[in-house]
Amino acid sequence: MAGRFEPRRADDPARLIAAYPLGWLVSGQFNASPLPLLAETDAAGAVVSLFGHCARSNPLVADFRADPKGLILFNGPHGYVSPSLLSKPDWAPTWNYAVLRYRVEVELVEGETRDAIERLVGAMEGGNWSTDRVGPRYETMLTHIVAFRAHVRSAEPAYKLGQDESAASFAEIAQGHPDRTLAAWMEGQR
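In the working numbering, the protein residues as written are 1417 to 1606.
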């Protein structure tokens, strides 16, 4: 989907991950888990790695110890676009979406497990809650978890958000779509 469905800015994928952090991590053995991930970026804002954690008992851990190659998939805002939104009688329905696909090499980073959890809690809670509240149980929990960093080897973003519509059709869709979040993402890519 390269070309017209590319994000407009280098930091758009990082923004999508921040808004929709639950990604599917898939190993070469086709084990898969939905996991919350944090984007790590370069100076331009492009995603260079994804940082997360999972249970040591997750089959992904053994898979990535044997072969670090994997795939991460993110679904951002998406929705059906009905012809009823447009004044053109010959317009056909479509689906608008923003998705990310990363080919990665997963590195288990045992010494960063606490940091992975603390950074995720910080991103999700914004200072409203801290792991200190878990008490002594937190240390035991950490022994059952391992952090990982998924180094991006290739990225395939697809932001099909109305870029192929005429200005008039785009305006009708963006103004009338019932999913205001999707409409805002559309307007951000125009």
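Note that CB positions come from ideal geometry on N, CA and C, so glycine has one too.
If you're wondering where the values come from, they're calculated on a predicted model, not measured in any experiment.
- Check the Cα spacing between Asp1479 and each of Glu1456, Ala1460, Asn1447: the tightest is with Asn1447.
- A Cβ-Cβ separation of about 18 angstroms leaves Ser1449 out of contact with His1567 under the 8 angstroms criterion.
- Counting every other CB atom within 10 Å of its CB across the protein chains shown gives Asn1544 a total below 16, marking it as exposed.
- When DSSP assignments are scanned along the stretch 1502-1585, the uninterrupted stretches of beta strand (DSSP E) that are 3 or more residues long and fall wholly within it turn out to be 1510-1524, 1561-1571, 1574-1576.
- Runs of the beta strand (DSSP E) lying entirely within the stretch 1428-1490 and spanning at least 3 residues, in chain order: 1438-1443, 1448-1452, 1454-1457, 1463-1471.
- Proximity to Trp1507 across Val1497, Tyr1436, Tyr1513, Leu1516 peaks at Val1497, based on C-alpha coordinates.
- DSSP places Pro1493 within a strand segment (E or B) once states are collapsed to three.
- DSSP places Glu1422 in no alpha helix (DSSP H); its state is neither H nor E.
- In the displayed model, Arg1596 falls within a helix according to three-state DSSP.
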